[in-house]
Amino acid sequence: MTPPIPATLIPGDGIGPEIVDATLAALDALEAPFEWDRKIAGLGGVTASGDPLPAETLDSIRRTRLALKGPLETPSGGGYRSSNVRLREEFQLYANLRPARTIIPGGRFDKIDLMIVRENLEGLYIGHEHYVRIDDDPHAVGMATGINTRQGCRRICEYAFDTAVATGRKKVTLVHKANIMKVLTGLFLETGLQLYEEKYKGQFELDSIIVDACAMKLVLNPWQFDMLVTTNLFGDILSDLVAGLVGGLGMAPGANIGTDAAIFEAVHGSAPDIAGKGIANPIALMLAAALMLDHVKLQDKATRLRTAIDQTLNLDKVRTGDLGGTANTMAFTKALVSRIRGA
Ligand code: NAD
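This is the structure we're talking about:
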C-alpha cells in the first residue's frame, strides 16, 4: 500500500467548495493516499479571520509542500492583494504549467494537445503599481513596473525545456513582445535562445513568436504549436485563449511548481455568477488533481482519472451545462465515480 501523502486542501471561494467536493469523491474512488489538512484562504479567510491568507494556511503548506486549491476571490481595482500571487511568491512557485487537450472530439478545434509554460513570479504581473496625482485628481496617472531577471528567465526556460524533453514535445515556441518591450521581454527571448544553444540544441525544435501574432495563429491554426513558453502576463492571457480551444475554462487545469512546494488548481476563478447553484463543471480541478497525482509519481491513478473523465463525457455523454449538457455537478461526479470504480 502507498504510504499516506500529507497535502493541504483549500476549498476556496464561490464554486470552490462544490468542485473540491466533487474532486475529493473522485480521489476517494481512486484510493489516492492524500492525507488532507483543510485550510482557508481568499474571501473565506477574510470572513473568518480578516486575512485572505491566514498564517495557519501558510504553515500547513510549509509542512506538506503540496496543495490542492479551489479558486480564490480577488477584488478588482481596490481591496486586498491576490492570495494566489502571494502564494506563488511565498513558495517561489516559479513555473505555471497549463496543459490543454481536447477531450470531447468533433468541436471547432479538434485534437488539440498543447502545453503552456508560464513564468509565474516576474514580469508586469507582479503588481508593482502606483497612481500619480496631478492637481486635484489623485488617479491622474496609473503606473506599473515590470521586472524580468536573467535568472528568472533562465529558470523558466530550463523548466520548460526539461519538460519538453521528458514528455517528448517536438517543438517549443518562445512567446514575447521584444519588438516593443525590448528590455523586459527581450531579456526573456535572449535568455531562452542562448539556453537552447548551450544545452538543448537538437533535442527539439525551438522557435519564437510575438505574442499578438501568436494569439492570431492560435485561433487560425493551433496545431502548428506544441509547447509555448512565455512570461507571466502573456501566459495568463494565452492560457485562457487555449482553454477556449478545448471547451472553455471548465476544462483547464494548472500546476504551480516551485523548488520547495507545488500547488494544483483550476485555471478558472470562483465563478460567482453560478456559485451555490450546484452546476459548476468540476473537470478542471479534477485534471489539476491528475497533475498532482503525476507529481507524486502515482501516474497509474492519474491515467485512471483522465480515462474516467473521457469515458464519462464521451461514452456516457454526461456533461455539465458549460459543455452543452444537462448534468449538474453531483450527477457528473456520480457518473465519473462509477467509471473509476468500474475501470
Ligand atoms: P471566472 O473564471 O470565475 O468565470 C468566468 C466565466 O466562466 C463565468 O461565466 C463562470 O460562470 C464560468 N466558469 C468558470 N469556471 C467554471 C466552471 N468550473 N464551470 C462552469 N462555468 C465556469 O472569472 P471571473 O468571473 O473573472 O473571476 C471571479 C473571481 O475569481 C475573481 O475574484 C477573480 O479574481 C478570481 N480568480 C481566481 C483564480 C484562482 O484562484 N486561480 C483565477 C481566476 C480568477
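Just remember that our numbering sits 1 ahead of the position in the sequence shown, which is counted from 1.
We put the CB at the ideal spot given by N, CA and C, even for glycine.
Contact test: residue i Cβ vs the ligand NAD heavy atom, cutoff 6 Å
i      : result
ILE211 : no
ASP323 : yes
ASP111 : no
ILE11  : no
ASN85  : yes
THR250 : In the sequence as displayed, the identity of residue 250 is Leu instead of Thr. It does: the Cβ of LEU250 is within 6 Å (strictly closer) of some heavy atom of the ligand NAD.
ILE275 : yes
THR75  : yes
SER271 : yes
ASN233 : no
ALA291 : no
ASN282 : yes
PRO72  : yes
GLU266 : yes
Per-residue DSSP class, three states only, for residue i
i      : result
ARG340 : helix
SER84  : helix
PHE92  : coil
ALA42  : coil
LYS302 : helix
ASP22  : helix
GLY147 : strand
VAL212 : helix
VAL297 : coil
GLY108 : coil
LYS33  : The sequence as given places Ala at residue 33; Lys does not occur at that position. Of the three classes helix, strand and coil, the one that applies to ALA33 here is coil, per DSSP.
THR334 : helix
GLU199 : helix
VAL47  : helix
LEU314 : helix
Contacts around residue i, its chain only, beta-carbon distance under 7 Å, and the 5 residues preceding and following it disregarded
i      : result
GLY17  : GLY71, PRO72 and SER271
LEU345 : The structure shown does not extend to residue 345, since the chain spans only 2 to 344, so no value can be given for it.
ARG82  : GLY128
TYR204 : Sequence inspection shows Gln at residue 204; the Tyr mentioned does not correspond to that position. Same-chain partners within the cutoff: VAL166.
Cut-off 6 Å between Cβ atoms - residues of its own chain near residue i, not counting five sequence neighbours on either side
i      : result
PHE235 : VAL176 and VAL212
THR330 : GLU19, ALA23, GLY279, ALA281 and PRO283
THR313 : VAL319, ALA336, LEU337 and ARG340
ILE6   : PRO34, PHE35 and VAL297
HIS140 : TYR132
GLY147 : GLY124, LEU125 and LEU185
LEU44  : ASP14 and GLU74
LEU246 : PHE110, ILE113 and PRO223
Spatial neighbours of residue i in its chain, beta-carbon cut-off 8 Å, leaving aside the 5 residues before and after
i      : result
ILE341 : ALA27, ALA30, LEU31, ARG305, LEU306 and ALA309
ALA8   : PHE35, GLU36, TRP37, ASP38, THR65, LEU67, ALA68, LEU69 and MET293
GLY46  : ASP52, PRO53, LEU54, PRO55, THR58 and SER84
THR192 : ARG151, CYS154, ARG155 and CYS158
Exercise for the section: Would you be able to state if there are at least three C-beta pairs under 8 Å between the stretch 220-228 and the stretch 157-173? Expected result: The stretch 220-228 and the stretch 157-173 touch, with three or more beta-carbon pairs separated by less than 8 Å.
Problem - Inter-stretch contact at 8 Å, needing at least 3 Cβ pairs: the stretch 283-294 / the stretch 16-34 - result: yes
Practice task
Taking only runs that begin and end inside the stretch 223-292, name each unbroken beta strand (DSSP E) of 3 or more residues, in chain order.
Solution key: 228-231, 254-258 and 263-267
Handout entry: Segment contact, 8 Å Cβ cut-off, at least three pairs: the stretch 255-264 with the stretch 92-106
Key = yes
Handout entry: Whole alpha helix (DSSP H) elements within the stretch 151-188, 4-residue minimum
Key = 151-167
Handout entry: Inter-stretch contact at 8 Å, needing at least 3 Cβ pairs: the stretch 249-260 / the stretch 95-105
Key = yes
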